[in-house]
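Peer 1: Numbering (mature numbering (1 follows the signal peptide of the UniProt record, and there is no 0)), first residue to last: -26 to -1, 1 to 334. Beta carbons: idealized from backbone N, C-alpha and C, even for Gly.
1. Residues in its own chain within less than 8 Å of residue 54 by CB, not counting five upstream and five downstream?
2. Per the DSSP calculation, residue 254 is bridged to which residue(s)?
3. Using CA coordinates, which residue listed in 190, 165, 310 is at the minimum distance from residue 219?
4. Does the pairing of the stretch 268 to 278 with the stretch 167 to 185 give three or more beta-carbon distances under 8 Å?
5. So, helix, strand or coil for residue 169, using DSSP?
6. Hey, quick one: how far does the alpha helix (DSSP H) through residue 263 stretch, first residue to last?
7. With H, G and I counted as helix, E and B as strand and the rest as coil, what does DSSP make of residue 180?
8. Can you tell me whether residue 238 is buried or exposed? The criterion is at least 16 other CB atoms within 10 Å of its CB, across all chains shown.
9. Identify, in the order they occur along the chain, each residue of the same chain with its Cβ nearer than 8 Å to the Cβ of residue 75, setting aside the five sequence neighbours on each side.
10. Let me make sure I understand the geometry here. Which of 149, 18, 10 has the alpha-carbon closest to that of residue 176?
11. Thinking C-alpha only, which one of 233, 6, 16, 166 is nearest residue 199?
12. In its own chain, which residues sit with a C-beta less than 7 Å from the C-beta of residue 154, not counting the 5 before and 5 after it?
13. Can you give the Cα-Cα distance for residue 7 and residue 299, rounded to whole angstroms?
14. What would DSSP say about residue 72, mapped onto helix, strand or coil?
15. Would residue 223 be called buried (16 or more neighbouring beta carbons within 10 Å of its own) or exposed?
16. How many Å lie between residue 258 and residue 251 at the Cα?
17. Here's the rule: buried if 16 or more other CB atoms are within 10 angstroms of the residue's CB, otherwise exposed. What is residue 89?
18. Taking a contact to mean a Cβ-Cβ separation below 8 Å, would you say residue 87 touches residue 121 in this structure?
19. Would you decide whether residue 326 is buried or exposed? Buried here means 16 or more other CB atoms lie within 10 Å of its CB.
20. Measuring alpha carbon to alpha carbon, tell me which of 187, 189, 157 ends up nearest residue 123.
21. Could you check whether residue 286 and residue 305 sit closer than 8 Å to each other, using their CB atoms as the reference points?
22. In its own chain, which residues sit with a C-beta less than 7 Å from the C-beta of residue 194, not counting the 5 before and 5 after it?
23. Note down, in chain order, each residue of its chain lying with its Cβ closer than 7 Å to the Cβ of residue 319, except the 5 sequence neighbours on either side.
24. Is the closest heavy atom of the ligand FMN to the C-beta of residue 189 under 7 Å?
25. Which runs of the alpha helix (DSSP H) at least 4 residues long sit entirely within the stretch 304 to 333? Give them in chain order.
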C-alpha cells in the first residue's frame, strides 16, 4: 500500500537536493567571453613568452661572456668546449625568440646586428690581419656580417670546425671579446625595450585598442603576432633551407662552422609553437590556441598537428644540414613541404579566424 511522504522526511531531502544543485553550479568553469580571452592572450604572450625569453637571452649572453673572458685569460680546450656549448645554448634561446620577430627586435635592428649570415670569413680574416683596433666601439662600426653570433661561431670552431685553443691568435681573442660584448649589449637593450622600466613595448601590445601607439585594436596586435609566426615558418622553409638546398651550396647555410643549422631551424618552429600555445619553460598561459578553441576546436587541433608535423619532419634530417643538402634531399624536401603547410594554415585559416571573431 502507498503511503504519503511526511513533511518531516521530505524537507531534508529537498534541502539536500538544493544544496547539491547549488554546489554543482559553482563547480562549473565560468565561461570566458571573447573579449576577456583576447586581452588575456595578449597579456600572457607578453608575460609568459616574450619577456621571459628575452630575459633568458640576456642571461645566456652574460654567461657566454664570462666563459670567453676565462678562455682569453687561460686558453684551454676544456674552456673552448664550454664556450662552444654555451654558444649553442645562446643560439637555442635566440632562435626560439625568432618565433615572434616584432617590435623592437625589428624596429631597432637587433636581428641583423646579431644574426646576419652567411659570414664573410674572407673579410674577417682580412680584418684580423689588419692593425685596426678591435674593441666594442670599433666593431659596432663594421659591416653587419662582421658582428654577432656567426663571427663568434667562426672564431670558436674555425672554418673546418676543428680549431683548438692553441690556434687562437691574440687578435682573435680581442675580436672574440669585443663580439661577445656587443651581443651582451644588444641582448640587454632588447630585453629592456620590452619591460616597464625601459621602452615598455609590452604595454604597446597590452594596450592594443586602448590607447596603444601602434595597434589601434586587439585584432591588429593579434594579427601582428600571427604574422610573425607565419614569417618565421616561411623564412625557414623558403630561405634558410631552400636556398642552400636549391643551389647545393653548403657555404651559405646559417650555422655552417658549428653544424648547428638544423637545430636552429627546429628551434625557430618550437619558438613559434610556444607563442601559439603560450608556454615557455615551466610556465604557461592563455594563448592563441585557447582563443581559437573558443569557436573552432577543429582548427586549433589542425594547427597543433601542423606544428608537430613540421618539427618531426625537421628532426628526420639526421645529418648536419651542410651534408644533408647533398645526402638527405628527400627528408629536406618533406620538411619544406611541412613548413609550407604550417605557414599556409597560420597565414590563411588562423588569420581568417581572427578577422571573423575579433571585433575590437
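Peer 2: On the basis of the data shown:
1. 45, 130, 137, 138, 139
2. 257
3. The closest CA to that of residue 219, considering only 190, 165, 310, is found on 310.
4. Judged by pairs of C-beta atoms under 8 Å, the stretch 268 to 278 does not touch the stretch 167 to 185, as fewer than three such pairs exist.
5. coil
6. 262 to 267
7. helix
8. buried
9. 85, 202, 205, 206
10. 18
11. The option with the nearest alpha carbon to residue 199 is 16.
12. 38, 39, 42, 126
13. 49 Å
14. DSSP places residue 72 in helix when its eight states are reduced to three.
15. exposed
16. 8 Å
17. Answer is buried; the Cβ neighbour count reaches 16.
18. yes
19. exposed
20. 157
21. no
22. 182
23. 276, 277, 280
24. Among the ligands in the structure shown, none appear at all, so the ligand FMN cannot be discussed.
25. DSSP runs (the alpha helix (DSSP H)) wholly in the stretch 304 to 333: 325 to 331.
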